[in-house]
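Chains as they are written, first to last, in this note's numbering: chain A, 1 to 498; chain B, 499 to 996.
Notes follow once the structure below has been shown.
Number of protein chains: 2
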Amino acid sequence: MLDRAELLWPERTAVVGDTPLTYGELAGIVRWLACDLHARGLRQGDRVAALCENHPRFLALHFAAARLGAILVPFNTRLTTAEHRTVVERAQPTILFADRTFAPAAAELASTHPELEVVWSDGAPGASDDAPRAALVLATDPAQLYFTSGTTGRPKGVVLTHGNVLTHALMAVAELRLDESDTWAHIAPMFHLADAWATFAITAVGGQHAFLPRFDARATLDLFEEHRVTVTNLVPTMLNRVVHEPGAAERDTSSLRLLMSGGAPIAPETVRRVVETFDCEYVQTYGMTETSPYLTFSLLSGSQRRMPPAEQLAARARTGRPVLGVELRVVDGQSRPIPADDTSVGEIQVRGPTVTPGYWQDEEATAAAFTEDGFLHTGDLATIDATGSVRIVDRAKDVILSGGENVYSTEVEYRLQEHPAVLEVAVYAEPDADLGERVAAAVVLRPGVESTAAELIAFCRAELAGFKTPKSVRFLEALPRTGSGKIQKRALRETASD
Amino acid sequence: MLDRAELLWPERTAVVGDTPLTYGELAGIVRWLACDLHARGLRQGDRVAALCENHPRFLALHFAAARLGAILVPFNTRLTTAEHRTVVERAQPTILFADRTFAPAAAELASTHPELEVVWSDGAPGASDDAPRAALVLATDPAQLYFTSGTTGRPKGVVLTHGNVLTHALMAVAELRLDESDTWAHIAPMFHLADAWATFAITAVGGQHAFLPRFDARATLDLFEEHRVTVTNLVPTMLNRVVHEPGAAERDTSSLRLLMSGGAPIAPETVRRVVETFDCEYVQTYGMTETSPYLTFSLLSGSQRRMPPAEQLAARARTGRPVLGVELRVVDGQSRPIPADDTSVGEIQVRGPTVTPGYWQDEEATAAAFTEDGFLHTGDLATIDATGSVRIVDRAKDVILSGGENVYSTEVEYRLQEHPAVLEVAVYAEPDADLGERVAAAVVLRPGVESTAAELIAFCRAELAGFKTPKSVRFLEALPRTGSGKIQKRALRETASD
């Protein structure tokens, strides 16, 4: 995709920022980087790990690895060295491409794994005259390995092939109508697919890449303004913080045409605020690392765009309908499709060219992940309506079984999110002698705003059935999160005060 | 793609015409057809041949075969029974799905191949309750087999995989911005990829399919008007005939947003007339069966759309730039890229996810088709400019070597096409004792218009160098064509009057 961008638009801007790059220049850096890594012994099929914040050199590494046919293993920068060590042992990379910011972590890793050569991401470009030719890679060859952050058990390496990545890029260009006039902001971590997919899709159309090394609400708004950003994807927590940033509505964000969110369910209340504040299109996304990542978009069809605004907003706040090329079904325990009544609940299962062939050197985990007829278990529970739009109600493992009733935690979370004092919330199960489990909530309040457990419980009870209403609410400074930013409900359950 | 269309838009029109069908109804017919073919013993990996004109049941067959994991083998309806027999022997289909129009041909085939069961395309739908579940097909599994019409040697079966076909559909949706508001006219034969690719791409976006059983210029204009067609692809000869059809400019073709042409080079003069007559966007395409088929589109970038109209027209009349996902190079005999000066000539070679893995059970032909580093030889000679746009000058085998000079036949053809008396033209080599080869032209005149060889030779000489100017011109009622409609220059050479 980069070769094509260089062929068609050598003079067009690829990277905006302090040191802007044209596509011709970016391709030159990639050739030099490929040359350098090749000189250090990196060959087709070898793994190259990356420990990087968001910046153009990390973008270049994606293409340099692909050029050599080497497999990119992006490290989650928020993990501990012990966790990185496990990934090194599983993936056996020969090179670690790292930012100097992470020099201590890199040194620690290299101390126990001397075979791992550290290459600094800010190295000065050299000659690339003897650049190796682009490797002959097949669609079925691995392009990337993403390791799950591993809250339980040993981490699993999700294999994404060149076919997965390329098909996903084409799908995204087609569905989101990306083109050369788009400027994508890399704000969510590029070591995660929520952002990394855009590396390829934006380059494929000759759009512009803007970078924020790591998330910050005010800096996000600055980036939007300064570089006339048109499209980006944020996780709901980030989006929530950006819309609540003081002065957000007064910023000139007129260039924004599309804000997406994904990686976790988003409260309809947040969607309403996003659309109000930025006056742009909003698309909810749902996906997994295993699926490159997107499975659904809450994009509206032509006829849906003629619905009243409130209905449109409701449709946009849903999980969405399957994207082009993805075969999606919502089924009961016997693999039978559930009724499309938006009430029955089943597991989402998917199949298609963007789905991983499996986990790295882990036949057992791979076998467990797929059904007999080749569908991937997502582990996500959802309803589906007559328009094919799904609505995730919970992770299968997060459903609360209280007094014989299923309580889907997202429904309670969405209600609490509507309360003006609530910034963030997680609803989870606490053990209960009578009910088996009881509904509990952990809440982060907005700065300077107060509330009480009794007030929030009453607020829920006004809209929800008794068995869905939290029996307890505790207030925290921050919610416990995994390295990739997902709320750790298990940690909340383990620290429950029963 | 059809399953998704049914899930998202069961009530939306899929097929327009005398018996319109919704996507729900089309999916029902496909399930019934899959059920019927399964009951007749068709299994995953088996071949099902088709001898059909353009109609909705042929559309349905594409999806029914895919559902079973069976391989579709579209027969060129213009070939002789002897030629079909060769394809049957190579592909060994177990079922021939045929129109009753072709009953004599089907009977002849069945007489020598009793293992081939004939299924009529107009069979009445039955129950589909016990429809087999969709097969688990991999991206690398064959979906279709297209046999070359075989002017020389035994026919080769181009294997297209599910991955090839799906990736091409996503590419086309992305590049051509296809969406649900599009109505595609199946006018070029659906047994050829020039049209068949749209079967999938249009269904993927929930657009509408319109059908003309076989090409006719007046009926094409009727179809455009009656069904408010928005987009189609025609071979240059068809497009030429449509724009010259009496009253073409007076028809209400305001729904047309995009006319494409492909399958053969098109004269800039024809492009000018198309744009003038229909006042719609025009895109030149270039591709091969081996590449699903499109390799380039003459789509303009944003900055090119701000060029003066004459320059835009010139850019649109070029072969075009590589489509998304295709890696394209123009190289000399040593596989070195030629200068992007739009003057140097080299062979186009391509690589990517829409390129065939090879020929059906023919390792020799497969090996010969690819370079060592996995690029497909197209056999087409072209120049390339600084914007990455290629311009095909000739098929390698059609280049005329006259007195030590290379003459690219298309350049001479384009000039002759500008003459008001010329309807169609082919320029080819005749043996010559002095020059080795000399340039010759075969011309079909417009009805009721006269011209002479001397006049046309003088017309060429006014613009072209002497060595490029035809030494002889002969007038024909029609040009000799292969079954797939390509001009047979070999036949012209063989009947040369030297």
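No residue lacks a Cβ here, since even glycine has one placed at the ideal position from N, Cα and C.
Three-state secondary structure (DSSP) of residue i
| i | result |
| --- | --- |
| residue 232 of chain A | strand |
| residue 305 of chain A | helix |
| residue 238 of chain A | helix |
| residue 922 of chain B | strand |
| residue 649 of chain B | Confidence in residue 649 of chain B is poor, its pLDDT being 49 and thus under 50, which makes the residue's placement too unreliable to answer from. |
| residue 23 of chain A | helix |
| residue 904 of chain B | strand |
| residue 819 of chain B | strand |
Counterpart residues of residue i in DSSP-defined beta bridges
| i | result |
| --- | --- |
| residue 929 of chain B | B:935 |
| residue 472 of chain A | A:440 |
| residue 547 of chain B | B:571 and B:594 |
| residue 337 of chain A | A:331 |
| residue 285 of chain A | A:297 |
| residue 847 of chain B | B:827 and B:875 |
| residue 889 of chain B | B:881 |
| residue 209 of chain A | A:15 and A:184 |
| residue 617 of chain B | B:595 |
| residue 857 of chain B | B:656 |
| residue 644 of chain B | B:656 |
Exposed unless 16 or more other CB atoms sit within 10 angstroms - verdict on residue i
| i | result |
| --- | --- |
| residue 908 of chain B | buried |
| residue 947 of chain B | exposed |
| residue 645 of chain B | buried |
| residue 789 of chain B | buried |
| residue 307 of chain A | exposed |
| residue 176 of chain A | buried |
| residue 397 of chain A | exposed |
| residue 619 of chain B | buried |
| residue 993 of chain B | exposed |
| residue 206 of chain A | buried |
| residue 996 of chain B | Low confidence applies to residue 996 of chain B: its pLDDT is 44, below 50, so where it sits in the model is not reliable, and the reading given next is rough at best. Classification of residue 996 of chain B: exposed, given that the 10 Å Cβ count is below 16. |
| residue 44 of chain A | exposed |
| residue 735 of chain B | buried |
| residue 748 of chain B | exposed |
| residue 42 of chain A | buried |
Sub-8 Å separation of residue i and residue j beta-carbons
| i | j | result |
| --- | --- | --- |
| residue 589 of chain B | residue 643 of chain B | yes |
| residue 162 of chain A | residue 141 of chain A | yes |
| residue 614 of chain B | residue 605 of chain B | no |
| residue 66 of chain A | residue 29 of chain A | no |
| residue 470 of chain A | residue 422 of chain A | no |
| residue 686 of chain B | residue 680 of chain B | no |
| residue 473 of chain A | residue 441 of chain A | yes |
| residue 630 of chain B | residue 566 of chain B | yes |
| residue 546 of chain B | residue 513 of chain B | no |
| residue 62 of chain A | residue 199 of chain A | yes |
| residue 261 of chain A | residue 235 of chain A | yes |
| residue 286 of chain A | residue 275 of chain A | no |
| residue 40 of chain A | residue 119 of chain A | yes |
| residue 173 of chain A | residue 822 of chain B | yes |
| residue 568 of chain B | residue 544 of chain B | yes |
| residue 239 of chain A | residue 289 of chain A | no |
| residue 904 of chain B | residue 910 of chain B | no |
| residue 794 of chain B | residue 766 of chain B | no |
Cross-chain neighbours of residue i in chain E, by beta carbon under 9 Å
| i | result |
| --- | --- |
| residue 167 of chain A | Among the protein chains in the structure shown, which are A and B, there is no chain E. |
Any non-hydrogen atom of the ligand SAH closer than 7 Å to residue i Cβ
| i | result |
| --- | --- |
| residue 172 of chain A | For the ligand SAH, the structure offers nothing, since it holds no ligand at all. |
Using a Cβ-Cβ cut-off of less than 7 Å, give me the residues of the region 125 to 139 of chain A that come near chain B, in sequence order. 133, 136 and 139
If contact means a Cβ-Cβ distance below 7 Å, which residues of the region 509 to 531 of chain B contact chain A? none
Below 7 Å between beta carbons is the criterion; list the residues of the region 858 to 877 of chain B that meet it against any residue of chain A, in chain order. 871 and 872
With 9 Å as the limit, tell me which residues of the region 834 to 848 of chain B have their beta carbon closer than that to any beta carbon of chain A; keep them in chain order. Answer in chain order: 838.
Would you list, in chain order, the members of the region 458 to 481 of chain A that have their beta-carbon closer than 9 Å to a beta-carbon of chain B? none
Which of the residues in the region 33 to 67 of chain A, read from start to end, lie with their CB under 9 Å from any CB of chain B? none
Against chain B: residues of the region 380 to 402 of chain A by CB proximity under 7 Å: Listed by position, the residues of the region 380 to 402 of chain A near chain B (Cβ gap below 7 Å) are 387 and 388.
Contact list for the region 798 to 817 of chain B against chain A, Cβ threshold 9 Å: Going along the region 798 to 817 of chain B in chain order, one finds 799, 800 and 801 with a Cβ nearer than 9 Å to chain A.
Contacting positions in the region 173 to 190 of chain A - beta carbon closer than 9 Å to chain B: 173, 174, 175, 177, 178, 179, 180 and 181
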